[in-house]
Amino acid sequence: MIEVEGLTKDYGARRAVDHITFDARSGEVLGFLGPNGAGKTTTMRILTGYMPPTAGVAKVAGFDVVDQSIEVRRRVGYLPETVPLYTDMTVFDYLKFMADLRHLSNAEDRVDDVLEIVHLENRAGGYIGNLSKGMRQRVGLAQALLHQPEVLILDEPTIGLDPAQIIEVRSLIRDIGRERTVLLSTHILSEAQQLCDRVLIINKGHIVAEDSPERLQARLAGAQRIALRVQGDTDGLGALLNAVPGVLSVADQRDGSVELEVQPGRDLRADVARTVVSAGIDLLELRPVGLSLEDIFMQLTREEPEPPSVAEDADDGELLSAVEDADEFVSGEGQSPEENED
Amino acid sequence: MRNIWTIASREYKQFFISPVAYAVAFLFLVVLGWIFFSNMLTAITYAAYQSYAPTVQIVISPMVTLFLFFLPAITMGALAQEQRMGTMELLLTAPVKDWELVVGKWLGCFMFVLTLLAVTWVFPIALNAMVEPGIDQGLLLSGYLGLVLMVGAMLAIGVAVSALFSNQLVAFAVNLGIMMIIWFVQAVSTTGSATGGLGDKILTYLNFVDHYVDFYQGLIGVTNIVYYLSVTALALFLGTMFVETRRWR
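As you go down the protein sequences, you meet chains C and D in turn. Last residue of the first sequence: number 342 in my numbering, and the count goes up by one each step with no gaps. Last residue of the second sequence: number 1249 in my numbering, and the count goes up by one each step with no gaps.
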């Protein structure tokens, strides 16, 4: 459904997307994961026909995003990062306007349908300006669903929603993703883990990893850990456990708890438990500690070579400076490039 | 066509929600009404000394000048506002061609000003009731036809300028500047010699108001109609280009 090859986009001298290649099949939810400013929004904007790429080819449903832009736009539902809404229109009028632009024959019925899907049927007559952020987000989502698109592109769809709504929207995305193609970007890693069949981790315009969330986790985990908690003293326990075949090292040892680094791919829990118990120590808890997607994400996005100025404060400064980068291509926000020429 | 109409009718309806449009329409009509009133007062005062009957020109002439300042306010938000609110992203990812968007925006503004023009008919009607034996209807029709054509061209320029900016006020100022230039380009050309060279002829041809004078005097000339229609078409074409170049940035 989506085929992207060698896609590149430059903003002046800055390269936002650098030769990325990927595809998405029908009935697949593909997650775009990356820090702010990584190129997620730019890629999505190219796929929706909003802007042409500097180089490379992108096809949606077999149509080229540059040469057959209108055909692509007919088949894509798009929820941009800053939900674009006419605040002085009512929810119904806004959706009706969008439905008319898409030439839907049963426009009013479709509007009612999507309002039901996003649970806003009782706000249809209200002005968008009076809606909460979460509700606006849902109006934006309703707009993307109006024409039952073959491809749904969602830029951070759950941002600003309350927990109950997040669960609802996620289940909605999962439902849609069964038959259609969904490309969503997020920096909520658990969301990617829950929703996506496949995840692309993108950083500084490059794809740094691509796989299912589970496989990514398994592949990148490197070493696994086992955490255990025991009653009383742990003196001597470390040395004891170190002797168990497969245990690489004792990573952490505090009062009552020990964390072991073990060889990946081997389940040593039984061995470890036996060792502890046979030493006469009461075992209270034993659990494997997997490397979370968060850890993998941090690992991958940090391995990238960075300019020295950023590298200095990579730990906490990176995300902050990345946030500023991202704002540059969010239209409608304070310092967007569109406003600079004013 | 359908997309143009969808965009135009939304734009038109938006004018009746937006306070700016109401303020513009209100000011326009109040100023026009005041000028009309003072003109009538003068006519009545001097009626004893001379047989002076005001024509419809006392309505049309101030309108031409008022439009110079008011029309940029009508179009300033057309595309600049979409850009600022981020809804441009919505329109540019909807299956709508760029020229349909620009023409739709222009048509919406045009319909609003036509509504305003329709309201100004109360002045000729009132005038018609007050003067004997009624006003010259040829002058009325050609005057309004000229206004419609001129307004169409001015709005097209306004929409094109609006496509360049995301700040309404900047769009307004730049538009007003452009209008001033094509309005007064005559001053440059006529201070030379009346039988000037090609350059003077071009400048004279370019003058925006010159082409209105014939309409104002009751003449409907093809050259003038062609002039306003070409300015409209050219401006809408440029507006489309501006929207398209936005995508590349």
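No residue lacks a Cβ here, since even glycine has one placed at the ideal position from N, Cα and C.
Given this structure, state the Cα-to-Cα distance separating residue i from residue j, to the nearest angstrom.
i	j	result
Ser257 of chain C	Ser278 of chain C	17 angstroms
Val250 of chain C	Arg180 of chain C	47 angstroms
Glu178 of chain C	Asp109 of chain C	The residue you asked about is not Glu; residue 178 of chain C is Arg in the sequence shown. If I take the Cα positions, the gap works out to 24 angstroms.
Leu241 of chain C	Met298 of chain C	30 angstroms
His119 of chain C	Arg225 of chain C	44 angstroms
Val76 of chain C	Ile1004 of chain D	21 angstroms
Phe32 of chain C	Ser190 of chain C	13 angstroms
Phe1036 of chain D	Thr1045 of chain D	14 angstroms
Thr1232 of chain D	Pro52 of chain C	28 angstroms
Pro80 of chain C	Phe1110 of chain D	31 angstroms
Met1088 of chain D	Ser69 of chain C	16 angstroms
Leu161 of chain C	Asn130 of chain C	16 angstroms
Gln1072 of chain D	Thr41 of chain C	Residue 1072 of chain D is actually Pro in this sequence, not Gln. Roughly 34 angstroms separates the two Cα atoms.
Ala311 of chain C	Ala1094 of chain D	In this prediction, Ala311 of chain C scores a pLDDT of 36, lower than 50, which makes its location untrustworthy; the coordinate-derived value is nonetheless stated afterwards. Rounded to the nearest angstrom, the two C-alpha atoms are 41 angstroms apart.
Gly1143 of chain D	Ile1060 of chain D	7 angstroms
Met98 of chain C	Ala1173 of chain D	31 angstroms
Lys204 of chain C	Cys196 of chain C	22 angstroms
Ala1153 of chain D	Leu1169 of chain D	20 angstroms
Leu1147 of chain D	Tyr1212 of chain D	8 angstroms
Ile1058 of chain D	Val111 of chain C	50 angstroms
Gly6 of chain C	His19 of chain C	4 angstroms
Thr43 of chain C	Asp155 of chain C	10 angstroms
Ile1157 of chain D	Gly1239 of chain D	8 angstroms
Leu1091 of chain D	Leu248 of chain C	58 angstroms
Leu1229 of chain D	Leu1149 of chain D	7 angstroms
Leu1117 of chain D	Asn1224 of chain D	20 angstroms
Gly56 of chain C	Leu1027 of chain D	53 angstroms
Asp1200 of chain D	Leu1139 of chain D	30 angstroms
In the DSSP assignment, the alpha helix (DSSP H) including residue i goes from what residue to what residue?
i	result
Asp235 of chain C	Neither: Asp235 of chain C is in no alpha helix (DSSP H) and is coded neither H nor E.
Gln1062 of chain D	Just to set this straight, residue 1062 of chain D is Pro in the shown sequence, not Gln. That run of the alpha helix (DSSP H) goes 1057-1075.
Ala24 of chain C	Where Ala24 of chain C is concerned, there is no enclosing alpha helix (DSSP H), although the beta strand (DSSP E) it sits in stretches over 14-24.
Leu1041 of chain D	1019-1046
Ile1157 of chain D	1137-1162
Glu116 of chain C	107-117
Leu120 of chain C	Premise fails: Leu120 of chain C is in no alpha helix (DSSP H) and is neither H nor E.
Ser1230 of chain D	1222-1248
Tyr1216 of chain D	1210-1216
Got a sec, what are the start and stop residues for the beta strand (DSSP E) residue i sits in?
i	result
Ile226 of chain C	224-230
Tyr78 of chain C	76-79
Pro163 of chain C	Counting along the chain, Pro163 of chain C falls outside any beta strand (DSSP E), though it belongs to the alpha helix (DSSP H) covering 163-179.
Ala209 of chain C	206-211
Ser132 of chain C	From DSSP, Ser132 of chain C is part of no beta strand (DSSP E); its letter is neither H nor E.
Pro287 of chain C	The identity of residue 287 of chain C in the sequence shown is Arg, whereas the question assumes Pro. Arg287 of chain C -> beta strand (DSSP E) spans 283-289.
Val262 of chain C	257-262
Determine which residues share a DSSP beta bridge with residue i and list them.
i	result
Lys416 of chain C	Because chain C spans 1 through 342 in this model, residue 416 of chain C falls outside it and cannot be assessed.
Gly31 of chain C	C:Leu184, C:Val199
Tyr127 of chain C	C:Thr90
Tyr11 of chain C	C:Arg14
Asp155 of chain C	C:Ser185
Gln137 of chain C	Note: Gln137 of chain C sits in no beta bridge, so no partner.
Arg215 of chain C	Answer is none; Arg215 of chain C lacks a bridge partner.
Val250 of chain C	C:Leu260
On the premise that residue j lies in contact with residue i, defined as a C-beta separation below 8 angstroms, what is that separation, rounded to the nearest angstrom?
i	j	result
Val1113 of chain D	Leu1155 of chain D	7 angstroms
Leu152 of chain C	Ile176 of chain C	6 angstroms
Ile173 of chain C	Val29 of chain C	7 angstroms
Ala1080 of chain D	Phe1165 of chain D	5 angstroms
Thr54 of chain C	Lys96 of chain C	With 8 angstroms as the limit, Thr54 of chain C and Lys96 of chain C do not qualify as a contact, their Cβ atoms being about 37 angstroms apart.
Thr158 of chain C	Ile188 of chain C	7 angstroms
Val83 of chain C	Arg136 of chain C	5 angstroms
Leu284 of chain C	Val272 of chain C	13 angstroms between Cβ atoms; not a contact.
Determine whether the Cβ of residue i lies closer than 9 angstroms to any Cβ atom of chain E.
i	result
Pro157 of chain C	You won't find chain E in this structure, because its protein chains are C and D.
Worksheet item: Residues in the segment 94-111 of chain C with C-beta within 9 angstroms of chain D's C-beta atoms, listed in sequence order?
Response: Against chain D - using a Cβ distance shorter than 9 angstroms - the residues of the segment 94-111 of chain C are Phe97, Met98, Asp100, Leu101, Arg102, His103.
Discussion item. Which residues of the segment 1071-1099 of chain D have a Cβ closer than 9 angstroms to any Cβ of chain C? Give them in chain order.
Written reply: Only those residues of the segment 1071-1099 of chain D whose C-beta falls short of 9 angstroms from the nearest C-beta of chain C are listed: Glu1082, Gln1083, Arg1084, Met1085, Gly1086, Thr1087, Met1088, Glu1089, Leu1090, Leu1091, Leu1092, Thr1093, Ala1094, Pro1095, Val1096, Lys1097.
Worksheet entry | Contacting positions in the segment 1010-1038 of chain D - beta carbon closer than 9 angstroms to chain C | Here the close residues are Arg1010, Lys1013, Gln1014, Ile1017, Ser1018.
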